[in-house]
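Accompanying notes for the structure given below.
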Amino acid sequence: MRPLFLAPTQPQTLTNQLDLHRHPPSPQRRKPKPHRQRRSKVRPPITPLNFVAVFLELIWAFIGLLLTIGGTFIEVAMTAPPWNWSQEGVLVHPLRVTCQVGAVLLVGCMGGKNAGALSQIAYITLGLTWLPVFTFGGGLDYVFEPSFGYILGFVPGAWVCGALAFKYKPRLEFLALSCFCGLITIHLVGLTYLAFISSFNQELIMAGLWKYSLNPLPGQLVLVCAVTAIAKFLRTLMCY
């Protein structure tokens, strides 16, 4: 049967529907996102302090270049302790290494990574293009020498030494660690180059390992000790 009356809520529901149809609710407007301005990369201004720092790096790079060239032709030697000089005299014991590696490490400890790497890049450039400043001469043909990889290792070796030397306070143990890491870097680059130039011939690699790494290593460790002491003294004297 059809109901004779409607539920009390039905007219109210119909009325509400009619009101919504006549006056629909206004859609919610989203707030516009604020416009983000792109931050332009602002280069730091050139200050007198920055200019002085760059100037000092260039000076140390030039000093490192001269030290490396001079150290190539100076052989390292040791003497007996001074208290034995009156009995045995001044006995000189050559270590069969030159001061070349010591110059590379010293400029890294004193001038930093940039000055150290720049000095060795200049040294290699001079040796390949102009002056015979390498141990056995120079020129572009020197790239085929088995020992040329160790000369190439001077660049990352000086960079690693300089980076570590200025990362901590100039204490003896930190400077010694910096020099040792730089020396290991030189040997790693030299052995890698030797492996490539010898076409990974095991006999040639072992012969080069003995001749260019193991044999001069004791004398180079003595150089590390000497460079550490000199760098500690100079940096204490110069207050940096």
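Positions in the sequence shown are counted from 1; adding 8 to them yields my numbering. Every residue gets a Cβ at the ideal spot worked out from N, C-alpha and C, and that includes glycine. All of these numbers come straight from a predicted model, not from anything done at the bench.
Measure how close the beta-carbons of residue 157 and residue 200 come, nearest whole angstrom, since I'm counting them as under 8 Å. Approximately 7 Å separates the beta-carbon atoms of residue 157 and residue 200; this is inside 8 Å, confirming the contact.
Check whether the Cβ atoms of residue 281 and residue 187 lie closer than 8 Å to each other. Coverage of the chain is limited to positions 9 through 248, which leaves residue 281 absent and any answer about it impossible.
Determine the extent of the alpha helix (DSSP H) in which residue 83 is found, giving its start and end residues. Looking at the DSSP string, residue 83 is not in any alpha helix (DSSP H); the run it does join, the beta strand (DSSP E), is 83-87.
For residue 207, which option in 192, 154, 121 has the closest C-alpha, if you only look at C-alpha atoms? Of 192, 154, 121, the residue nearest in Cα terms is 154.
Would you kindly check if the distance between the Cβ of residue 86 and the Cβ of residue 230 is under 8 Å? In this structure, residue 230 lies near residue 86, with their beta-carbon atoms less than 8 Å apart.
Nearest neighbour of residue 197, chosen from 211, 166, 209 [CA to CA]: Residue 197 has its Cα closest to that of 166, out of 211, 166, 209.
Use the C-beta contact count for residue 115: other C-beta atoms within 10 angstroms, 16 or more gives buried, fewer gives exposed. Buried, because 16 or more other Cβ atoms sit within 10 Å of the Cβ of residue 115.
CB-CB length for residue 131 against residue 182, believed under 8 Å: A Cβ-Cβ distance of about 26 Å is found for the pair residue 131 and residue 182, leaving them out of contact under the 8 Å criterion.
Apart from the five residues on each side of it in sequence, which residues of its chain come closer than 6 Å, Cβ to Cβ, to residue 5? This structure cannot settle anything about residue 5, because the visible part of the chain is limited to 9 through 248.
Just curious, the alpha helix (DSSP H) that residue 105 is in, first and last residue? In the DSSP annotation of this structure, residue 105 is not part of any alpha helix (DSSP H); the continuous beta strand (DSSP E) holding it starts and ends at 100-106.
Is the beta carbon of residue 106 sitting closer than 8 Å to the one on residue 79? Yes, they are a contact pair.
For residue 213 versus residue 202, is the C-beta distance shorter than 8 Å? In this structure, residue 202 lies closer than 8 Å to residue 213 by Cβ.
Based on Cα-Cα distance, which residue from 67, 228, 217 lies nearest to residue 126? Taking residue 126 as reference, the option from 67, 228, 217 with the minimal CA-CA separation is 67.
With burial defined as no fewer than 16 other Cβ atoms inside 10 Å of the residue's Cβ, what is the status of residue 18: buried or exposed? Residue placement at residue 18 is poorly supported in this model, since its pLDDT is 47, which falls under 50; the coordinates still yield a value, given next. Using a 10 angstroms sphere on the CB of residue 18, the tally of other CB atoms stays under 16, which defines it as exposed.
For residue 184, which residues in the same chain have their Cβ closer than 6 Å to its Cβ, ignoring the five residues on either side in sequence? In its chain, beyond the 5 residues on either side, 236 have a beta carbon closer than 6 Å to the beta carbon of residue 184.
How far does the alpha helix (DSSP H) with residue 240 in it reach, from first residue to last? Here the alpha helix (DSSP H) through residue 240 covers 225-246.
For residue 76, does the count of other Cβ atoms within 10 angstroms reach 16, so buried, or fall short, so exposed? Residue 76 comes out buried.
Alpha carbons only, please: which of 178, 190, 73 is nearest the one belonging to residue 244? Here the closest residue by C-alpha is 178.
When you compare only the Cα positions, how much space is there between residue 142 and residue 61? The alpha-carbon atoms of residue 142 and residue 61 are separated by roughly 30 Å.
Opposite residue 142 in the DSSP bridges: which residues? The beta-bridge partner set that DSSP reports for residue 142 consists of 145.
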